[in-house]
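Working notes, beginning with the structure itself.
2 protein chains.
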Amino acid sequence: MVASTQIVLASRPEGVPTAANFRTESAELPPPGDGQVLLRTLYLSLDPYMRGRMSAAKSYAAPVEVGAVMVGGTVSEVLESRAPGLSKGDVVQSHSGWQTHQVTRGKGLRVLDPDRAPVSTALGVLGMPGFTAYSGLLRIGRPARGETLVVAAASGPVGSAVGQIARIEGVRAVGVAGGPKKVAYLRDELGFDAAIDHRDPDFAARLREAVPDGIDIYFENVGGAVAEAVYPLLNTYARVPVCGLIADYNTGNAPEEPNRLPAFYSRILTRSLTVRGFIQTEFVDEMYDDFLTDMSGWIAEGRVKYREDVVDGLEQAPEAFMGLLEGRNFGKLLVRVG
Amino acid sequence: MVASTQIVLASRPEGVPTAANFRTESAELPPPGDGQVLLRTLYLSLDPYMRGRMSAAKSYAAPVEVGAVMVGGTVSEVLESRAPGLSKGDVVQSHSGWQTHQVTRGKGLRVLDPDRAPVSTALGVLGMPGFTAYSGLLRIGRPARGETLVVAAASGPVGSAVGQIARIEGVRAVGVAGGPKKVAYLRDELGFDAAIDHRDPDFAARLREAVPDGIDIYFENVGGAVAEAVYPLLNTYARVPVCGLIADYNTGNAPEEPNRLPAFYSRILTRSLTVRGFIQTEFVDEMYDDFLTDMSGWIAEGRVKYREDVVDGLEQAPEAFMGLLEGRNFGKLLVRVG
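Which chain is which? The protein sequence lines are A and B, in order.
All letters in the first sequence, in the order written, are residues 1 to 338 by this note's numbering.
All letters in the second sequence, in the order written, are residues 339 to 676 by this note's numbering.
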């Protein structure tokens, strides 16, 4: 018998999650049955969408039940296999959640090639965040050479891929991030055409200066104050793929401030905007193979760079996740579990 | 010399327009020059978009200057022509605005065939409102057989065409209108699958009952309370063509009520909605000929019906326009000028 250390949802957060919303438990796992494997988690991905799963509100996926293991994408090693096509020692992309071990169906687990790219990239630039950037930008953003794009959380795994793919498509890429270190990284390492600190008291003015021809694509992954500065600068026929709203995740539904909806809605009308929510799964069948080919190529050519922020030990996951919601990470946030 | 009676914008409204925002004047017109025509207005169209033009705020078109003639689509008779292809007695679709006569360029004026359809329809079902319905529904709404559509102001020229075209496309059409007379008209005359009175205190519940499979297309031309009841019922991948927001036109930008933007924006994300503003001019080159052919055919076959609400005399225009913003008209609102 193998014991899995698990972090479960102890209670639903009201507003900002705290350590008290999580609890560590240990569970004895049964041996894998027919078609199953026993996995040992190597890396756990921490992502903003997990905040949504902690709430009971209906979203695009079912909430995590109180007392259940927190969900999450993982890279794992196969310790035992009774599934066809999987062998002891294989490294696979899995969805084991916040735990050290899992017994699960072998079907649907993708085997990773450690010689092609570090296996951790299957949770970042070559995984869900990278594909969110690729599919949302190409299918909804529809970039055209010479246009201007703005993306926030631009040093994160989605934003950094969005900006770099935009530049490959001939689009001027303007990144927004928090603090001088991240801003310098966007400009100097990733080659963004401009980078702006959203903590700058003159943020809105800086943004305006950075987009002399207005904004044609706003890749929305934050909402809040950045969105408020961006919308007045959107050009006629601008496209806004919406894949996340991290700034609003901890906010109730009717905060005590002026109703900004009429002005927002009116701008959609008067500028002929396209605002389109999406989850990357919508495009998987159609585009995932192209994505792996394109993205691996761009990484090999040095045209797409990525950065990981790795935390050691599953017990660090709650603290690291709370930091993610405040933008304290720098790059794709991973927990090295095994 | 011919004198034109004109209604000019006397001042910009704050909130709801009043009679004091308009002034009647008389202007002596010069004789038509080379390439020009002298027109006598037969019908003036009154439309919600005119509220936007009365404000100084930037929109998709320039505001009417204070002291200038109110803009508007018209059907006019040619009294004198120095323009090629136009003769005295021709009836044309023009953009003379709120006045009895105009000297203008002949180029671009469309000659109407009074034998094909009553000339007034060039301002309604066979004109801008009809084309707004046709292009927005087909290009942005992308109706699929068996889906459900909701449209408000459904007895108006845009809404009534939207619902009837939707039914031709095999879509369940639910119309929202104000008062029992309009609701009965939608159900009994136009053949909507369901019709609901937005003045019903249980409006939201009635709407929910009318869309057991949720809503796939919400053709947005009102905003406000109807939009608020519709959005929670939108299905994943629903489309929202936005062509007008009459309920919000008289509202300031930050009314003193809870901020509804985060909840609205979050719904776009979690339901993968497409919210797309548009002005019919975007689709004219691509679709206008098809529209005239299809719509004339549907009218001849009795599959699309229309209703006009005709007011007599240019001097009635301000009062009729104010009534339009309150939904007091019943059908396409026209002023018979000549």
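A virtual CB, placed ideally from N, CA and C, is assigned to each residue, including glycine.
Start-to-end residues for the beta strand (DSSP E) that takes in residue 340 of chain B: Position 2 of the second sequence, counted from the start, is the residue given in the question as residue 340 of chain B. Per DSSP, the unbroken beta strand (DSSP E) holding residue 340 of chain B starts and ends at 340-347.
Residue 41 of chain A burial status per 10 Å Cβ neighbour count (16 or more: buried): Counted from its first residue, the first sequence places residue 41 of chain A at position 41. Residue 41 of chain A is buried by the Cβ-count criterion.
Residue 604 of chain B in three-state terms, based on DSSP: Mapped onto the second sequence, residue 604 of chain B falls at position 266. Correct three-state label for residue 604 of chain B: helix.
Bridge partners - residue 312 of chain A, DSSP secondary structure assignment: Locating residue 312 of chain A in the first sequence gives position 312, counting from the first residue. The partner list for residue 312 of chain A (beta bridge, DSSP) reads A:336.
Closest by C-alpha distance to residue 667 of chain B, when choosing among B:425, B:383 and B:368: Locating residue 667 of chain B in the second sequence gives position 329, counting from the first residue. Of the listed residues, the one whose Cα sits closest to residue 667 of chain B is B:383.
Contact with chain B by residue 235 of chain A, beta-carbon distance below 9 Å: Residue mapping note: residue 235 of chain A aligns to position 235 of the first sequence, counting from 1. No, residue 235 of chain A lies away from the interface with chain B (no Cβ there is under 9 Å from its Cβ).
Within chain B, the residues that residue 286 of chain A reaches when beta carbons sit closer than 9 Å: Residue numbering aside, residue 286 of chain A sits at position 286 when the first sequence is read from its first letter. For residue 286 of chain A, none of the residues of chain B pass the 9 Å Cβ criterion, the least Cβ distance being about 14 Å.
Nearest residue (CA-CA) to residue 92 of chain A, options A:100, A:17 and A:78: Position 92 of the first sequence, counted from the start, is the residue given in the question as residue 92 of chain A. Out of A:100, A:17 and A:78, the CA that lies nearest to the CA of residue 92 of chain A is found in A:78.
Spatial neighbours of residue 189 of chain A in its chain, beta-carbon cut-off 7 Å, leaving aside the 5 residues before and after: In the first sequence, residue 189 of chain A corresponds to position 189, counting from 1. Contacts found: 305.
Nearest residue (CA-CA) to residue 100 of chain A, options A:333, A:291, A:218 and A:314: To locate residue 100 of chain A, count along the first sequence from 1; it is residue 100. Closest option to residue 100 of chain A, Cα to Cα, is A:314.
Which of helix, strand or coil DSSP assigns to residue 323 of chain A: Position 323 of the first sequence, counted from the start, is the residue given in the question as residue 323 of chain A. Helix at residue 323 of chain A.
Segment contact, 8 Å Cβ cut-off, at least three pairs: the stretch 443-463 of chain B with the stretch 480-491 of chain B: Taking a cut-off of 8 Å on C-beta distances, the stretch 443-463 of chain B does not touch the stretch 480-491 of chain B, as fewer than three cross pairs fall below it.
Counted within 10 angstroms of its Cβ, other Cβ atoms place residue 253 of chain A as buried (16 or more) or exposed: What you label residue 253 of chain A is simply residue 253 of the first sequence in a count that begins at 1. Note that residue 253 of chain A scores a pLDDT of 47, beneath 50, so its modelled location is shaky and nothing firm can be said.
Reference residue 39 of chain A, options A:52, A:81, A:263 and A:283, closest by Cα: Within the first sequence, residue 39 of chain A is the residue found at index 39, counting from 1. In terms of CA proximity to residue 39 of chain A, A:81 leads the group A:52, A:81, A:263 and A:283.
Continuous alpha helix (DSSP H) assignments of at least 4 residues falling wholly in the stretch 456-536 of chain B: You should have 466-473, 495-506 and 518-522.
Assigned exposure category for residue 134 of chain A - 16 Cβ within 10 Å defines buried: Counting from 1 along the first sequence, the entry for residue 134 of chain A is found at position 134. Buried is the call here.
Under 8 Å by beta carbon: chain A residues contacting residue 518 of chain B: Counted from its first residue, the second sequence places residue 518 of chain B at position 180. Going along chain A, no residue has its Cβ under 8 Å from residue 518 of chain B, so there is no contact; the nearest lies around 29 Å.
Bridge-paired residues (DSSP) for residue 306 of chain A: Looking up residue 306 of chain A in the first sequence gives position 306. In DSSP, residue 306 of chain A forms no bridge with anything.
Coil, strand or helix - residue 564 of chain B by DSSP: Here residue 564 of chain B refers to the residue found at position 226 when the second sequence is read from its first residue. Helix at residue 564 of chain B.
Spatial neighbours of residue 240 of chain A in its chain, beta-carbon cut-off 6 Å, leaving aside the 5 residues before and after: Indexing the first sequence from 1 puts residue 240 of chain A at position 240. Taken in chain order, the residues that qualify are 218, 220 and 275.
Selection from B:365, B:563 and B:570 that minimises the alpha carbon distance to residue 552 of chain B: To locate residue 552 of chain B, count along the second sequence from 1; it is residue 214. Nearest of B:365, B:563 and B:570 to residue 552 of chain B, Cα basis: B:570.
Nearest-angstrom Cα separation, counted from residue 43 of chain A out to residue 321 of chain A: As a working note, residue 321 of chain A is residue 321 in the first sequence. As a working note, residue 43 of chain A is residue 43 in the first sequence. Straight-line Cα distance between these residues: approximately 14 Å.
Unbroken stretches of the alpha helix (DSSP H), 4 residues or longer, contained in the stretch 49-128 of chain A: Contiguous alpha helix (DSSP H) elements confined to the stretch 49-128 of chain A occur at 49-53, taking only those with 4 or more residues.
Residue interval of the beta strand (DSSP E) (run including residue 205 of chain A): For this step, residue 205 of chain A is matched to residue 205 along the first sequence. According to the DSSP assignment, residue 205 of chain A belongs to no beta strand (DSSP E) but to the alpha helix (DSSP H) extending over 203-210.
Residue 339 of chain A: contacting residues in chain B (beta-carbon distance under 8 Å): Since the first residue shown for chain A is 1 and the last is 338, residue 339 of chain A is missing from the structure and cannot be characterised.
Among B:540, B:539, B:408 and B:545, the one whose alpha carbon lies nearest that of residue 532 of chain B: Here residue 532 of chain B refers to the residue found at position 194 when the second sequence is read from its first residue. Residue nearest to residue 532 of chain B within the set B:540, B:539, B:408 and B:545 is B:545 (criterion: CA-CA distance).
Residue range of the unbroken beta strand (DSSP E) whose run includes residue 240 of chain A: Taking the first residue of the first sequence as position 1, residue 240 of chain A is located at position 240. Residues 234-242.
Cα-Cα separation between residue 460 of chain B and residue 326 of chain A, rounded to whole angstroms: Here the question's residue 460 of chain B lines up with position 122 in the second sequence. Here the question's residue 326 of chain A lines up with position 326 in the first sequence. Their backbone Cα atoms lie some 57 Å apart in a straight line.
Chain B within 9 Å of residue 262 of chain A, Cβ atoms only: In the first sequence, the residue the question calls residue 262 of chain A occupies position 262. Output row for residue 262 of chain A: interface = yes.
Close Cβ partners of residue 518 of chain B (< 7 Å) along its chain, the five nearest in sequence each way excluded: As a first step, residue 518 of chain B must be located in the second sequence, where it is residue number 180. The answer, listed in chain order, is 535.
Residue range of the alpha helix (DSSP H) that includes residue 626 of chain B: As a position in the second sequence, residue 626 of chain B is number 288, starting the count at 1. 622-638 is the span of the alpha helix (DSSP H), which, as asked, contains residue 626 of chain B.
For residue 470 of chain B and residue 615 of chain B, the rounded distance between their alpha carbons: Counting from 1 along the second sequence, the entry for residue 615 of chain B is found at position 277. Counting from 1 along the second sequence, the entry for residue 470 of chain B is found at position 132. Approximately 12 Å between the Cα atoms of the pair.
Helix, strand or coil at residue 356 of chain B according to DSSP, with G and I counted as helix: One-based indexing of the second sequence puts residue 356 of chain B at position 18. Secondary structure of residue 356 of chain B (DSSP, three-state): coil.
For residue 276 of chain A, the residue or residues it bridges with in DSSP: Along the first sequence, read from residue 1 onward, the residue named residue 276 of chain A stands at position 276. Per DSSP, A:241 and B:612.
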